[in-house]
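Before any comments, here is the structure.
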Amino acid sequence: MEALDPILSGLNPPQLEAVTTTEGPLLVVAGAGSGKTRVLTRRIAYMIRNGVQPWRILAVTFTNKAAREMGERVGQLLERVGVTVPVQSLWISTFHSIASRLLRRYGTEIGVPQNFTIYDADDQKTLVKRIMKDMNLENDALHVRQAIHYIEAYRNGSLKALYPPYDTILEKYKSELSAAQAVDFTGLLEKALELAPHVAHLWDYILIDEFQDTNHLQFEFIHRLARPHGNVCAVGDDDQSIYSWRGATPRFLIEFERQFSGAREVRLEQNYRSTGNIISAAGHLILHNTTRRPKKIWTAAPSGEPIYFNALDDERQEASWIVSRMLEHNARGVSLDEMAVLYRINAQSRPFEDSLRREGIPYTVVGGTKFYERAEIKDLIAYLRLALNARSDIDILRVLNKPKRGLGQAAVRRIRELAGERSLWHGLHRARDERRIGPKITEFVRLVEHAAALAEKRPPEDVLGFILEETDWLGMRASTDIESITRVENMNELLAAVTDYSDEERSNGEEPTLQGFLESIALVSAEDLSEDDEDTEKVWLMTVHAAKGLEFDVVFLPGWEEKLVPMEREDSTEDSLEEERRLAYVAMTRARRVLYITRARERMVYGRTLRTSPSRFLKELPRDRIKILSRRKPVTHDPETLAEVASHAHRHRKKSVKSSSYKGSSSNSPFRPGDVVRHKKFGTGRVVSVDGSGDGARVTVNFRGIGQKVIVASYLMGVDR
DNA sequence: TACTAGGTTGTTTTT
DNA sequence: CAACCTAGTA
Ligand SMILES: Nc1ncnc2c1ncn2[C@@H]1O[C@H](COP(=O)(O)OP(=O)(O)OP(=O)(O)O)[C@@H](O)[C@H]1O
Numbered sequence: 010m011e012a013l014d015p016i017l018s019g020l021n022p023p024q025l026e027a028v029t030t031t032e033g034p035l036l037v038v039a040g041a042g043s044g045k046t047r048v049l050t051r052r053i054a055y056m057i058r059n060g061v062q063p064w065r066i067l068a069v070t071f072t073n074k075a076a077r078e079m080g081e082r083v084g085q086l087l088e089r090v091g092v093t094v095p096v097q098s099l100w101i102s103t104f105h106s107i108a109s110r111l112l113r114r115y116g117t118e119i120g121v122p123q124n125f126t127i128y129d130a131d132d133q134k135t136l137v138k139r140i141m142k143d144m145n146l147e148n149d150a151l152h153v154r155q156a157i158h159y160i161e162a163y164r165n166g167s168l169k170a171l172y173p174p175y176d177t178i179l180e181k182y183k184s185e186l187s188a189a190q191a192v193d194f195t196g197l198l199e200k201a202l203e204l205a206p207h208v209a210h211l212w213d214y215i216l217i218d219e220f221q222d223t224n225h226l227q228f229e230f231i232h233r234l235a236r237p238h239g240n241v242c243a244v245g246d247d248d249q250s251i252y253s254w255r256g257a258t259p260r261f262l263i264e265f266e267r268q269f270s271g272a273r274e275v276r277l278e279q280n281y282r283s284t285g286n287i288i289s290a291a292g293h294l295i296l297h298n299t300t301r302r303p304k305k306i307w308t309a310a311p312s313g314e315p316i317y318f319n320a321l322d323d324e325r326q327e328a329s330w331i332v333s334r335m336l337e338h339n340a341r342g343v344s345l346d347e348m349a350v351l352y353r354i355n356a357q358s359r360p361f362e363d364s365l366r367r368e369g370i371p372y373t374v375v376g377g378t379k380f381y382e383r384a385e386i387k388d389l390i391a392y393l394r395l396a397l398n399a400r401s402d403i404d405i406l407r408v409l410n411k412p413k414r415g416l417g418q419a420a421v422r423r424i425r426e427l428a429g430e431r432s433l434w435h436g437l438h439r440a441r442d443e444r445r446i447g448p449k450i451t452e453f454v455r456l457v458e459h460a461a462a463l464a465e466k467r468p469p470e471d472v473l474g475f476i477l478e479e480t481d482w483l484g485m486r487a488s489t490d491i492e493s494i495t496r497v498e499n500m501n502e503l504l505a506a507v508t509d510y511s512d513e514e515r516s517n518g519e520e521p522t523l524q525g526f527l528e529s530i531a532l533v534s535a536e537d538l539s540e541d542d543e544d545t546e547k548v549w550l551m552t553v554h555a556a557k558g559l560e561f562d563v564v565f566l567p568g569w570e571e572k573l574v575p576m577e578r579e580d581s582t583e584d585s586l587e588e589e590r591r592l593a594y595v596a597m598t599r600a601r602r603v604l605y606i607t608r609a610r611e612r613m614v615y616g617r618t619l620r621t622s623p624s625r626f627l628k629e630l631p632r633d634r635i636k637i638l639s640r641r642k643p644v645t646h647d648p649e650t651l652a653e654v655a656s657h658a659h660r661h662r663k664k665s666v667k668s669s670s671y672k673g674s675s676s677n678s679p680f681r682p683g684d685v686v687r688h689k690k691f692g693t694g695r696v697v698s699v700d701g702s703g704d705g706a707r708v709t710v711n712f713r714g715i716g717q718k719v720i721v722a723s724y725l726m727g728v729d730r
């Protein structure tokens, strides 16, 4: 009897078609849980078994975790058919990792030094802030964030023109980056695009997962890589596009056929993940979006349990109710790691952590404040980065006086003076003869140079060990306060992480390098790395964004309240509401068997208790699939409504601007077409049309340099001409 | 230069 | 409710 082929069995006809159609452009559009990722994995294995050399295939995933899992699965499939493939030979990774890898190897061709440093979002903020300060622009957090917002939108292709002063800021920013031999996240993509013609010959087959969340730069990169052979396979679901705030757009998925001539399209319509009730409810919800391609989805699975909804008094009760349900499911045999709480914002994790800890249930919080974002860890990393690239001014400024060595503001000013137009590192060298600060600077320079020398010939753990030793940070062990103890623990943990990295590399027959370590932590989020005691089952706490592509038996969705789910802020638009709905759709479709949705009647926001109202999405779910567990119950006291304090309205704003209220509002429409209005984020613009009345009216405004947006009236201020 | 108290400010989502 | 920044003092 012949055994089933592990690579081609367990696929329905369209899936099979997608797996075996290896030549030419192919697009797989399909709803959640229809096996898109499975298709990609099988396809890679299929091609390799047919003789394609593994390193001729490039597969792009959305996260590093997804990349690792895909690599593992491909390896397993091939093993079962007797093909052995060295793991490292496969190019399966994120756009950013691919870019970084290419840049390391071929960057010199386009003027990027081999030892470039990767700047993260924080480094970017620091640098932009400094530039804005030098330009005498307002440089408080708000303005800096706004500047970065525009600059990034422009760079990733979602904003067509960049106006003053942002154009100048960007120009200066870019020149500072290149002087510092640094590349930021978007820079990685920009450089990769530049490099594309030089590297396109490396691959014959390109595959992309989660194609609906590709930005312009990424698409262009793929387009250029595919030019020689046209073998591109993209899979995605426009209803799951949830990263538009990062410049991603489903446009490239929609336009695929136009961009790649002769493209075939395969649709997958059967969902294998969830029960009928879940599929039906999620499908019903997403139907409320107007800008989407209609799509069929069905399941052979039974309806299953209804979707449970409950409203609790506040977020702590919400958490403890959910935790009780977890205990029940666990008692009935559902493993803890098959349960997940998926929330809108990281701050929502708090009450769940408290409650789980109280019940003694192990849990993992994915994301949130990451290990590598802690101050003491960033300090150490700054030292490590300097060891490879001393031209990175940001890193010098970060650690020059850490630990305190008497080099404060005045010293920095002097070093800047001496550096002139050149890097601070140059300034430091010249400052070694200064009367007062000279000796301390000499000491610092020596430290960095010694670390640099070590990095050349010793493994990364030795370099870190040297820095810890020299800075005597671990000496703080002596201090007894909790804070310094955890600091020291964190530093030791970093040392352990470096050592793990080196061991891992060695076991793969590679030489561990500091460069490699720094890269792995710059691009790989902490939770990707931490494989901490895998043998303990733990429930998952994470944002919906982080849950993309995952699945769990039992899923809990807390916080379905207006302003939170859907998230609504001053700059919310019709489009952003639709993205919120897609987010809710993604959240619901993570569940295999049981789905709970809850809300809190009151919630603490910024230390005040606010009254909430139920999410509009609840009304968009089909009644017959939902079981409502809550009974009406009035609140005893009288907290402010969310609307009353929206965006600090009553704290900061003039009376002339009222905040929005979902209960409707008394005043008549305050704006007419032609009026000039101001918006906090978009600036001034002219009213095109008004839909509805009162503060809740939707006003279409044409903003200068930005274009048309639909804004809720309450977020606009009239401007007298 | 280092430290502390007090005021203010804010939050999506992440490679 | 934090986390962060600023200004004033040791
Ligand atoms: N033909 C099939 N037979 C049985 N199970 C399948 C089949 N195809 C996919 N599955 C299962 O369905 C589930 C969803 O598959 P997969 O994660 O590949 O879907 P997806 O389309 O990528 O989902 P999403 O877009 O929601 O991330 C997985 O558990 C997978 O093993």
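Residue numbering for the first sequence follows my numbering, beginning at 10 and increasing consecutively.
Backbone N, C-alpha and C fix where the C-beta goes; we use that ideal spot for every residue, glycine too.
Here the structure is a predicted model, which means the values were calculated and not measured.
- The three-state secondary structure of ASP363, taken from DSSP, is helix.
- Residue pairing by DSSP places GLY245 opposite VAL38 in a beta bridge.
- With a cutoff of 6 Å, ASN21 counts as near ligand 1, since its C-beta is closer than that to a heavy atom of the ligand.
- Buried is the label assigned to TYR159, since at least 16 other Cβ atoms lie within 10 Å of its Cβ.
- Here GLY313 is buried, its C-beta having at least 16 other C-beta atoms within 10 Å.
- Looking at the DSSP output, VAL603 bridges to VAL563.
- Going by DSSP, SER184 is part of the alpha helix (DSSP H) stretching over 175–188.
- In the three-state reduction of the DSSP assignment, ILE57 falls in the helix class.
- Rounded to whole angstroms, the gap between the alpha carbons of GLY417 and LYS387 is 19 Å.
- Between the alpha carbons of LYS45 and ILE494 lies a gap of roughly 47 Å.
- The continuous stretches of beta strand (DSSP E) do not include ASN286, which lies in the alpha helix (DSSP H) extending over residues 285–295.
- Below 8 Å, too few C-beta pairs join the region 437–455 and the region 224–241 to call them touching: fewer than three.
- Under the DSSP assignment, ILE386 falls in the alpha helix (DSSP H) whose first and last residues are 384–397.
- The nearest non-hydrogen atom of ligand 1 is less than 6 Å from the C-beta of SER43.
- In summary, THR126 is buried, with 16 or more beta-carbon neighbours lying within 10 Å of its beta-carbon over all protein chains present.
- Residue pairing from DSSP places GLN279 in a beta bridge opposite TRP307.
- For the region 149–176, the continuous alpha helix (DSSP H) assignments of 4+ residues that do not extend past its boundaries occur at 150–164, in sequence order.
- Counting C-beta pairs closer than 8 Å gives fewer than three between the region 621–636 and the region 343–350, which falls short of the contact rule.
- For VAL69, the enclosing beta strand (DSSP E) starts and ends at 66–70.
- In the three-state scheme derived from DSSP, where H, G and I count as helix and E and B as strand, ALA440 is classed as helix.
- Closer than 6 Å to some heavy atom of ligand 1: that does not describe the Cβ of THR552.
- Listed in chain order, the beta strand (DSSP E) runs fully inside the region 325–363 are 348–352, counting runs of at least 3 residues.
- The beta carbon of TYR172 sits no closer than 6 Å to any heavy atom of ligand 1.
- HIS338 sits buried, since 16 or more C-beta atoms from the chains shown fall within 10 Å of its C-beta.
- At a Cβ-Cβ threshold of 7 Å, SER358 and VAL375 do not count as neighbours.
- Linking LEU112 to THR545 through their CA atoms gives a straight-line distance of about 39 Å.
- Setting aside the 5 residues that flank it on each side, THR30 is surrounded in the same chain by ARG273, each with a C-beta closer than 7 Å to its C-beta; the list follows chain order.
- The region 70–134 contains, as complete beta strand (DSSP E) runs of 3+ residues, the segments 100–103 and 126–128 (chain order).
- For LYS449, the uninterrupted alpha helix (DSSP H) run begins and ends at 447–466, by DSSP.
- Ligand 1 never approaches ASP222 closely enough for any of its heavy atoms to be under 6 Å from the residue's Cβ.
- Taking GLY166 as the centre and dropping the five residues before and after it, the same chain places the C-beta of ASN224, HIS225, LEU226 and GLY256 closer than 7 Å to its C-beta, in chain order.
- By DSSP's assignment, LYS572 forms a beta bridge with MET576.
- Under the DSSP assignment, LEU406 falls in the alpha helix (DSSP H) whose first and last residues are 402–408.
- Straight-line spacing of the CA atoms in LEU592 and ARG65 works out to 35 Å.
- Apart from the 5 residues on each side of it in sequence, ASN240 sits with its Cβ closer than 8 Å to the Cβ of THR31, GLU32, GLY33, PRO34, ASP213, TYR214 and ILE215 in its chain, given in chain order.
- Out of LEU20, VAL454 and ARG164, the CA that lies nearest to the CA of LEU198 is found in ARG164.
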